[in-house]
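Residue numbers (the working numbering): 52 to 448.
Read the structure below first, then the notes.
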Amino acid sequence: MIANLQERDGHFMAEALQLARRIPNRPWPNPPVGAVVVRDGKIVGRGAHHGAGTPHAEIVALNEAGKAAQGATLYCSLEPCNHTGRTPPCALAVLASGVQRVVVGVRDPNPGVTGGGLRFLAENGIAVTTGLLGEQALELIWPFVTTGAFARPFVLLKTATSLDGRFAPASSPSAKTVGPVYLTQEEARRDVQRLRRWMDLILVGEGTLRSDRPHLNGRLLVEPYECPRAEPAVGYADSDLSHPAGWHQEHYYVFTSRSQVGHEAARTVVADGGELVFCQEQDRHVDPLSLLAEAKARNIHAIMVEGGPRLAASFLARGVVDRWVQYLAPVVLGNGVRWPQPEDHLPGEDLREFRLTSHERIGPDLRLVFDRDSFWATLEQLTEAETLNQQISPRRH
Numbered sequence: 052m053i054a055n056l057q058e059r060d061g062h063f064m065a066e067a068l069q070l071a072r073r074i075p076n077r078p079w080p081n082p083p084v085g086a087v088v089v090r091d092g093k094i095v096g097r098g099a100h101h102g103a104g105t106p107h108a109e110i111v112a113l114n115e116a117g118k119a120a121q122g123a124t125l126y127c128s129l130e131p132c133n134h135t136g137r138t139p140p141c142a143l144a145v146l147a148s149g150v151q152r153v154v155v156g157v158r159d160p161n162p163g164v165t166g167g168g169l170r171f172l173a174e175n176g177i178a179v180t181t182g183l184l185g186e187q188a189l190e191l192i193w194p195f196v197t198t199g200a201f202a203r204p205f206v207l208l209k210t211a212t213s214l215d216g217r218f219a220p221a222s223s224p225s226a227k228t229v230g231p232v233y234l235t236q237e238e239a240r241r242d243v244q245r246l247r248r249w250m251d252l253i254l255v256g257e258g259t260l261r262s263d264r265p266h267l268n269g270r271l272l273v274e275p276y277e278c279p280r281a282e283p284a285v286g287y288a289d290s291d292l293s294h295p296a297g298w299h300q301e302h303y304y305v306f307t308s309r310s311q312v313g314h315e316a317a318r319t320v321v322a323d324g325g326e327l328v329f330c331q332e333q334d335r336h337v338d339p340l341s342l343l344a345e346a347k348a349r350n351i352h353a354i355m356v357e358g359g360p361r362l363a364a365s366f367l368a369r370g371v372v373d374r375w376v377q378y379l380a381p382v383v384l385g386n387g388v389r390w391p392q393p394e395d396h397l398p399g400e401d402l403r404e405f406r407l408t409s410h411e412r413i414g415p416d417l418r419l420v421f422d423r424d425s426f427w428a429t430l431e432q433l434t435e436a437e438t439l440n441q442q443i444s445p446r447r448h
């Protein structure tokens, strides 16, 4: 038995957020959204959005509820839209359903329409509450928000280092095995794999592929997943196709220089299942800006850059990283794989300031999340109604 209204609201909004996370495929370029309809303390309708052209979450939930929506409360992780896109405005359907109250996590991030759906509902007699579990709701749609509805691909940089900033131990001359070396423990690796499932593409450098032969999937995750079930595509950057073909993937992207068109190595990669993507060069390496443009042309909306340090540094230097998730392992290596040094001549100087968004212990390791845009300022903007976390007073007609 849920004791009070605040606890009840939190419980049902958590259900809506869970529906948004547990979807078969990533809904990009649309944001993930979940909704539940509750009457007399029971869920009578559930819905999640599954991508462009499909019904929005609140419509799915209201359709399932049917007549039971009369006098009910609708919980939705994102504000119901009040404009026509590929689907009709949801606010009209919400009003027609007969619900008497609407609770949302965050408002629509589109500055041209934000608050419009809630204002329409309030002006037509429906009580509206905003900002409930807003942090979780914004986290869910952050790639959509920070890229302006994917005007460009979202780039998440993931790094895992020792306390002294090493990515891996120094290679032993006598080492004969090829495979990944883990600094972090399984809890952190599982967290990385959860993040992967929200990405359309996982990208590594040619050196990482050569040394680790990574799988780049979500094999450690267990159901029920708190992320989409679909695995991401994988790829690597190799400007001169120096890596010998052969990767345990059915299909993968190879981002290489346009000078490699027609090269013998290119034919070998294609025969192995690789899809060549020809990009411009910068200082004899694949230019991250060109890579992102080519990715966007292939409907790749979210990319995780996983390594190695040169590839990570080149994306940072180009100023195209939106979020940086650092995993810090409580070990000191003293020697090993490090960040590129000044003499390594990194391309570009478009460095950007990052803001600390969160820090959390993951098993024995530490996860730090930095964003280029202010997550907390955005949260405040998208959760305030007339006042933060307060009801919009309905206007009776």
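The C-beta atom is built at its ideal place from N, Cα and C for all residues, glycine as well.
| Query | Result |
| --- | --- |
| Where T212 falls: helix, strand or coil (DSSP) | strand |
| Residues near Q187 by beta carbon distance below 6 Å, same chain, minus five either side | L68 |
| Where G256 sits in the DSSP three-state scheme | strand |
| Whole-Å CB distance - V285 paired with Q300, under 8 Å assumed | 6 Å |
| Whole-Å CB distance - W390 paired with A364, under 8 Å assumed | 6 Å |
| F329, DSSP secondary structure in three states | strand |
| Strand pairing of I413, partner residues [DSSP] | D416 |
| contact_flag[the stretch 361-381, the stretch 265-285] where n(CB pairs < 8 Å) is 3 or more | no |
| Status (buried if at least 16 other CB within 10 Å, exposed otherwise) for L56 | exposed |
| Whole-angstrom distance between E315 and Y276, CA atom to CA atom | 42 Å |
| Entirely enclosed beta strand (DSSP E) segments - the stretch 285-353, minimum 3 residues | 303-308, 325-330 |
| Assigned secondary structure, R247 (DSSP; H/G/I helix, E/B strand, else coil) | helix |
| Simplified DSSP state of L367, which is helix, strand or coil | helix |
| Residue environment, G168, which counts as buried when at least 16 other CB atoms sit within 10 Å | buried |
| Selection from S128, A428, V88, N175 that minimises the alpha carbon distance to L143 | N175 |
| Beta-carbon contacts of P75 that lie in its chain and below 8 Å, excluding the five residues immediately before and after | H101, P279, R280, A281 |
| Coil, strand or helix - S148 by DSSP | helix |
| Span of the alpha helix (DSSP H), counted from its first residue to its last, around A71 | 56-72 |
| Residue burial classification, E237 (beta-carbon count within 10 angstroms, cutoff 16) | exposed |
| Classification of K118 by the beta-carbon crowding that lies within 10 angstroms, buried from 16 upward | exposed |
| Three-way DSSP call (helix, strand, coil) for A123 in this model | coil |
| Straight-line Cα distance separating A202 from V337 | 22 Å |
| Euclidean distance between Cα positions of L146 and I177 | 8 Å |
| N- and C-terminal bounds of the beta strand (DSSP E) containing R97 | 93-99 |
| Which of helix, strand or coil DSSP assigns to A173 | helix |
| Whole-angstrom distance between I351 and L252, CA atom to CA atom | 7 Å |
| Cβ-based neighbour list, S425, same chain, cut-off 8 Å, excluding 5 preceding and 5 following | R406 |
| Own chain residues within Cβ distance below 6 Å of T408, not counting five before or after | V420, D422, F426 |
| Spatial neighbours of R245 in its chain, beta-carbon cut-off 6 Å, leaving aside the 5 residues before and after | C278 |
| L189 and L433 closer than 8 Å at C-beta | yes |
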